[in-house]
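Beneath this line is the structure, given in structure tokens, with notes to follow.
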Amino acid sequence: MSSVDWRGAWTAALDELEMDVLAVETLLADERRLAETPPSNLWLPPTELGALPLELRPRADEILTRQLAAAEEIARRITANRQQTAVTARIETGEAVKRPVYLDCAM
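And the structure:
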């Protein structure tokens, strides 16, 4: 593989990865769209590319930083969702423990 093909292959791989992280960031910014959008295809790393060209390292590092931030935001939202679900479950019954309630209609 020539150095031009090698660099081009890595650039294309980073383009694809960057588009994936941009899609996640866009979904996180729009909750309605997040609820209506089906999951995307799983990204698979390209094979036989060899080592990352040194000049592409800053871009790859920036994409990794964005991926980690998006993953952290997803984890935060999952935690918030679970907490909200627990609160909602308690609100629906009015108590944490369900107890029988009797109404004396004889009076």
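Under my numbering, the residues of the sequence shown are numbered 931 to 1037, in order.
Note that beta-carbon positions come from the ideal geometry of N, C-alpha and C, so glycine has one too.
- Task: Could you name the residues of the same chain whose beta carbon sits closer than 6 Å to that of A939, not counting the 5 residues immediately before and after it, in chain order?
- Result: Within the same chain, and ignoring the five residues on either side of A939 in sequence, the residues whose Cβ sits closer than 6 Å to its Cβ are L979.
- Message: Quick check on the burial criterion: 16 or more other C-beta atoms within 10 angstroms. Buried or exposed for V951?
- Response: buried
- Nearest to E966 (by Cα), restricted to the options L957, W973 and L974: L957
- Query: Since R989 and L944 are thought to touch, with beta carbons under 8 Å apart, how far apart are those beta carbons, to the nearest angstrom?
  - Reply: Contact between R989 and L944 holds, with the beta-carbon distance rounding to 6 Å and staying under 8 Å.
- Message: Cutting at 7 Å between CB atoms, please list the residues of its own chain near Y1032, excluding the five before and the five after it.
- Response: Closer than 7 Å at the Cβ level, and outside the excluded window around Y1032, lies no residue.
- Query: If we ignore side chains and look at the alpha-carbon of each, how far apart do T941 and A1016 end up?
  - Reply: 45 Å
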